[in-house]
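Notes for the one structure printed next.
There are 2 protein chains.
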Amino acid sequence: MGKGKGTEKVTFNIDKEKDFSRWFSEIIVKAELVDLRYNLKGFVVFRPFATMMIEKIYELFEEKLQSYGHLPCIFPSLIPKENFEKEAQHVKGFVPEVFWVTEAGKKRIEKLALRPTSETAFYQLYSLWIRSYRDLPLKLYQRAQVWRYETKATRPLIRSREFYWIEAHNCFETREEAEKQIKEDIEITRAVMEEKLGVPFLPLKRPEWDKFAGAIYTIGSDSLMPDGKVIQQPSTHFLGQGFAKVFEIKFKDKEGKTKYVWQTCYGPCISRILASVIAVHGDNSGLVLPFSIAPIQVVIVPIFVEKNKEKVVKKALELEKKLRSYGIKATVDLKDKTPGEKFFFWEMKGVPLRIEIGEKEIKEKKLTLFLRDLKEKKKIEEKMLAKKIEEEGKKLDERLKKKAKRWFKNKIVEAKNFDELQKAIKEGKIARCNFCSINKEGTKCAEKIEKNIGARVRGMRADINEKPEGNCIVCGKKANVVVYIAKSY
Amino acid sequence: MGKGKGTEKVTFNIDKEKDFSRWFSEIIVKAELVDLRYNLKGFVVFRPFATMMIEKIYELFEEKLQSYGHLPCIFPSLIPKENFEKEAQHVKGFVPEVFWVTEAGKKRIEKLALRPTSETAFYQLYSLWIRSYRDLPLKLYQRAQVWRYETKATRPLIRSREFYWIEAHNCFETREEAEKQIKEDIEITRAVMEEKLGVPFLPLKRPEWDKFAGAIYTIGSDSLMPDGKVIQQPSTHFLGQGFAKVFEIKFKDKEGKTKYVWQTCYGPCISRILASVIAVHGDNSGLVLPFSIAPIQVVIVPIFVEKNKEKVVKKALELEKKLRSYGIKATVDLKDKTPGEKFFFWEMKGVPLRIEIGEKEIKEKKLTLFLRDLKEKKKIEEKMLAKKIEEEGKKLDERLKKKAKRWFKNKIVEAKNFDELQKAIKEGKIARCNFCSINKEGTKCAEKIEKNIGARVRGMRADINEKPEGNCIVCGKKANVVVYIAKSY
Numbered sequence: 034m035g036k037g038k039g040t041e042k043v044t045f046n047i048d049k050e051k052d053f054s055r056w057f058s059e060i061i062v063k064a065e066l067v068d069l070r071y072n073l074k075g076f077v078v079f080r081p082f083a084t085m086m087i088e089k090i091y092e093l094f095e096e097k098l099q100s101y102g103h104l105p106c107i108f109p110s111l112i113p114k115e116n117f118e119k120e121a122q123h124v125k126g127f128v129p130e131v132f133w134v135t136e137a138g139k140k141r142i143e144k145l146a147l148r149p150t151s152e153t154a155f156y157q158l159y160s161l162w163i164r165s166y167r168d169l170p171l172k173l174y175q176r177a178q179v180w181r182y183e184t185k186a187t188r189p190l191i192r193s194r195e196f197y198w199i200e201a202h203n204c205f206e207t208r209e210e211a212e213k214q215i216k217e218d219i220e221i222t223r224a225v226m227e228e229k230l231g232v233p234f235l236p237l238k239r240p241e242w243d244k245f246a247g248a249i250y251t252i253g254s255d256s257l258m259p260d261g262k263v264i265q266q267p268s269t270h271f272l273g274q275g276f277a278k279v280f281e282i283k284f285k286d287k288e289g290k291t292k293y294v295w296q297t298c299y300g301p302c303i304s305r306i307l308a309s310v311i312a313v314h315g316d317n318s319g320l321v322l323p324f325s326i327a328p329i330q331v332v333i334v335p336i337f338v339e340k341n342k343e344k345v346v347k348k349a350l351e352l353e354k355k356l357r358s359y360g361i362k363a364t365v366d367l368k369d370k371t372p373g374e375k376f377f378f379w380e381m382k383g384v385p386l387r388i389e390i391g392e393k394e395i396k397e398k399k400l401t402l403f404l405r406d407l408k409e410k411k412k413i414e415e416k417m418l419a420k421k422i423e424e425e426g427k428k429l430d431e432r433l434k435k436k437a438k439r440w441f442k443n444k445i446v447e448a449k450n451f452d453e454l455q456k457a458i459k460e461g462k463i464a465r466c467n468f469c470s471i472n473k474e475g476t477k478c479a480e481k482i483e484k485n486i487g488a489r490v491r492g493m494r495a496d497i498n499e500k501p502e503g504n505c506i507v508c509g510k511k512a513n514v515v516v517y518i519a520k521s522y
Numbered sequence: 034m035g036k037g038k039g040t041e042k043v044t045f046n047i048d049k050e051k052d053f054s055r056w057f058s059e060i061i062v063k064a065e066l067v068d069l070r071y072n073l074k075g076f077v078v079f080r081p082f083a084t085m086m087i088e089k090i091y092e093l094f095e096e097k098l099q100s101y102g103h104l105p106c107i108f109p110s111l112i113p114k115e116n117f118e119k120e121a122q123h124v125k126g127f128v129p130e131v132f133w134v135t136e137a138g139k140k141r142i143e144k145l146a147l148r149p150t151s152e153t154a155f156y157q158l159y160s161l162w163i164r165s166y167r168d169l170p171l172k173l174y175q176r177a178q179v180w181r182y183e184t185k186a187t188r189p190l191i192r193s194r195e196f197y198w199i200e201a202h203n204c205f206e207t208r209e210e211a212e213k214q215i216k217e218d219i220e221i222t223r224a225v226m227e228e229k230l231g232v233p234f235l236p237l238k239r240p241e242w243d244k245f246a247g248a249i250y251t252i253g254s255d256s257l258m259p260d261g262k263v264i265q266q267p268s269t270h271f272l273g274q275g276f277a278k279v280f281e282i283k284f285k286d287k288e289g290k291t292k293y294v295w296q297t298c299y300g301p302c303i304s305r306i307l308a309s310v311i312a313v314h315g316d317n318s319g320l321v322l323p324f325s326i327a328p329i330q331v332v333i334v335p336i337f338v339e340k341n342k343e344k345v346v347k348k349a350l351e352l353e354k355k356l357r358s359y360g361i362k363a364t365v366d367l368k369d370k371t372p373g374e375k376f377f378f379w380e381m382k383g384v385p386l387r388i389e390i391g392e393k394e395i396k397e398k399k400l401t402l403f404l405r406d407l408k409e410k411k412k413i414e415e416k417m418l419a420k421k422i423e424e425e426g427k428k429l430d431e432r433l434k435k436k437a438k439r440w441f442k443n444k445i446v447e448a449k450n451f452d453e454l455q456k457a458i459k460e461g462k463i464a465r466c467n468f469c470s471i472n473k474e475g476t477k478c479a480e481k482i483e484k485n486i487g488a489r490v491r492g493m494r495a496d497i498n499e500k501p502e503g504n505c506i507v508c509g510k511k512a513n514v515v516v517y518i519a520k521s522y
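These protein sequence lines map, in sequence, to chains C and A. Numbering follows this note's numbering, in which position 371 of the first sequence is assigned residue number 404; successive positions increment by one, without gaps. Numbering follows this note's numbering, in which position 5 of the second sequence is assigned residue number 38; successive positions increment by one, without gaps.
Take a look at the structure:
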């Protein structure tokens, strides 16, 4: 990707904290992640630089899922209307968003839904596959795109009408096992989002009025964007036996008694996770990509004048070859540009490490290494280069992770009353508050917050037990729950 | 996958050569590759055992494509009707097969095609991305499903209404470069299909009447099924400048002159390639999977009586752990079945290697290894097990490849006249014949063959130059070409 003869000069400088919306819209185009000129509203073209990261994030999730005993499968993307309408809450929740296929060739056909999610496709087959407790647990997932005719404003990567996710659908003998899966899902999210990608989040049990259509409850993972709005990342739904009953997913237990299975489903949206990675780590000069998913991990910029060009370029290509032989994604930039232009370009693209090599570096057998996140240069010995690059990559990822964690932690503040809540939200923070209830009876208080402050009650922690002490910051009644409140995408 | 408590006995015994159609239909269900009970004609559910192989085949192709400088991208699956209708031949060829989205939520919307192929999606953007000779060559691909409302009978894996492929779309400065890409595509097909999967094929330039809608010419890769019918595997289309003209894909060359690009596209259908792997290597007892793509490469069957059960199972699990630590997909079968039942089951599933371990094996530090393809047992030392398994896996793949190659070669016969052609086709062979022309003027002769013998002129070799000597076996006029004729899917 680094090669070629392009000469276009690229500049990027937008204050991410102050003007995040513009920062995001411009960087994703400038860094050639997406193209927004496809002539269909809400549909995006992913260019190679984004596609390779999406593939890598898929790989991270699939590896983790498989290590926990989930297996991949592929279901059709079209769902007959009759399947789709079986679960009443579900159909009610999704019908406004469904794209319908109604014609094939020149014929009218029975209406088919382009899957907005695949419960009603999977569960028909689950009812055939599951007969006995021996068939349980059944834990399958698919990597797939889904389509939703979003009525909210669409935003590339964040909310599109076609998006790329994994959906895992699981069946268990008991409620306990199902709820254990939900804890495991949070662990999977943490292992990938936090550990690998450095994106912190809060796993929150959503209020009753904000759960998945057809679920008993929903856990959503809220990450934060630099504009102070949270964005829902992977969510897990506890489906109970609702779908099992309408799709007749039954099994004979050890005693020969027929029972319905307990179900959960889990859905990390890969394209949206990429949005968080970009938003959380980027800076005013552009992208800052984690070494772990960067399509180019190291760019090598040869610095030469005409008389030593051949020698320097040869050495640069040698280093590229060597690094590649160790599985490191390295590329030499041989474009017809000045070193300065190249630096600028690759900084904007977020390439984590840059090697500068010229006459001096060759002579000293020491290379100049530029760290994208710190914008600092250091010298490294050419000896054992691949090992050192791996180390520097890991260190960079650790720095990104730590920095994001600190940032996230500082954005969560206590709000003891309505005024403090208002102030926190205004400052782009997540407010931690005492609240009456996330069940139905809390609806009015939540509506009041939304109406007056434009923020939403995102739910209570699902990973730890937080006890409220005091009264609801809205109605003043005894608080039953600690909730997190924020503006959201 | 090997674990669990299932007790269902599985039997499989169908003569693959004599009754291929039944063999194929039954094995793909019995071996749990697909489920055909999804209530939508022509749409198939891929179960984990098939999905993991599909993923692996994707990986093989993507690795190869990337090594040749192709980069991945993702395009929307919906194509506005206006884009789709831009290229006249193309739209004519595909319109009878298009699924149309006409509604979203409860609204009628402008008709959108579910992509049957993505030329008309890619090329709109290509016209924006390509400005100068510096932007060329442009070689992008996507892994994606496409939808075609097939009017021919659908068959799982072979011809479905939704199928999984890669489509590579390439632009070049000159006709020569484009045609060089076509040769490279044949090499990519060969590297994966023949070298990795052991499936031989003939790359054939299709007759004029059988080319892709919108192409100047098409190269199709014909593999053979055990019933004597050929099946088209990856095809490459030379698009010339036809699409470039309607989509305005132009560039300024080194002299500043504006020119249209030359285009090719390439499409390996992954699910269909899996069908060939299954069909070519399987035998009367079921699947025989190449070690290179088997989701389970080694099954370990512990053989014990009650009193040494613990010891044998412990050892079996140790071996599993060891093999897995070397990246070998090993699994111990601990189901509550007899060893005989397990042998039968995993032979049917096509697992390439089986380790049997009992008291004797533990004592002698030698394991019994069963080779699925030869159905032979041999002893191997426990020492350096992983290395030996890797070796045996490679040897097995080499045997499969060699056997398939020999079989394929024997199925291609010379036919010097119409009678010999008829005889060859009746015997389920591919006939190599002198033929008048694969341009328009040969249409009548081809029709005669199709009408009288039910076979089709598949084309002339695209990889080597074959000179005809003599006359067309149909019309008796001077032959201009050597063609291959066969029944086909």
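Backbone N, C-alpha and C define an ideal beta-carbon position, used for all residues, glycine too. Please read these numbers as outputs of a predicted model, since none were measured by experiment.
Per DSSP, the unbroken alpha helix (DSSP H) holding Q157(C) starts and ends at 152-162. The continuous alpha helix (DSSP H) containing Q455(C) extends over residues 451-459.
When secondary structure is reduced to three states using DSSP, P105(A) falls in the strand class. With 16 or more other Cβ atoms inside 10 Å of its own Cβ, I422(C) counts as buried. Residue-level contact by beta carbon holds for A137(C) and chain A, with a gap shorter than 8 Å. At a cut-off of 4 residues, the continuous stretches assigned as alpha helix (DSSP H) that sit fully inside the stretch 202-280 of chain A are 208-222, 275-280. Below 8 Å, enough C-beta pairs join the stretch 497-512 of chain A and the stretch 467-482 of chain A to call them touching: three or more.
Buried is the label assigned to M381(C), since at least 16 other Cβ atoms lie within 10 Å of its Cβ. In this structure, K408(A) sits away from L402(A), with a CB-CB distance that is not shorter than 8 Å. For I112(C), the pairing in a beta bridge is given by DSSP as A146(C). In this structure, I395(A) and V263(A) do not form a Cβ contact; the two beta carbons are roughly 50 Å apart against a cut-off of 8 Å. Q330(C) carries a coil assignment under DSSP once its states are collapsed to helix, strand and coil. In this chain, the beta strand (DSSP E) harbouring Y174(A) covers 171-180. Among the residues of the stretch 100-112 of chain C, those with a Cβ less than 7 Å away from any Cβ of chain A are L104, P105, C106, I107, F108, P109, S110, L111, in the order of the chain.
Cβ neighbours of Y156(C) within its own chain (closer than 7 Å, five residues either side excluded): F276, F280, I282. Not one beta carbon of chain A lies nearer than 8 Å to the beta carbon of Y159(C). A distance below 7 Å between beta-carbons, with the five flanking residues on each side excluded, links P259(C) to the following residues of its chain, in chain order: K49, E50, F53, A312. Cα atoms of M85(C) and A64(C): separation of roughly 13 Å, rounded to the nearest angstrom.
In terms of Cα proximity to F205(C), the closest of T251(C), R176(C), V179(C), F271(C) is F271(C).
Between F337(A) and V345(A), the CB-CB gap stays under 8 Å.
Rounded to whole angstroms, the Cβ separation of A308(A) and K355(A) is 34 Å, and the two are not in contact under 8 Å. Within chain A, the residues whose beta carbon sits less than 8 Å from that of Q178(C) are S110, listed in sequence order. Not one beta carbon of chain C lies nearer than 8 Å to the beta carbon of F117(A).
Between L73(A) and chain C, the shortest Cβ-Cβ separation is below 8 Å. Note that the C-beta distance between P236(A) and Y174(A) is not below 8 Å. Looking from the CA of N498(A), the closest CA among G300(A), V514(A), E414(A), S254(A) belongs to V514(A). In the three-state reduction of the DSSP assignment, T476(A) falls in the helix class, which pools H, G and I. Here DSSP, grouped into helix, strand and coil, assigns P335(C) to strand. Residue pairing by DSSP places M493(A) opposite K238(A) in a beta bridge. In the DSSP assignment, C466(A) forms a beta bridge with V516(A). From the listed residues G289(C), D316(C), L320(C), V232(C), the smallest Cα separation to R439(C) is found for V232(C). Cβ neighbours of S325(A) within its own chain (closer than 6 Å, five residues either side excluded): K229, D430. Per DSSP, the beta bridge partners of G300(C) are S268(C). Three or more Cβ pairs drawn from the stretch 95-114 of chain A and the stretch 142-149 of chain A lie within less than 8 Å of each other, which places the two stretches in contact. Rounded to whole angstroms, the separation of the alpha carbons of L386(A) and K347(A) is 20 Å. I219(A) is positioned such that its CB atom lies no closer than 8 Å to that of L98(A).
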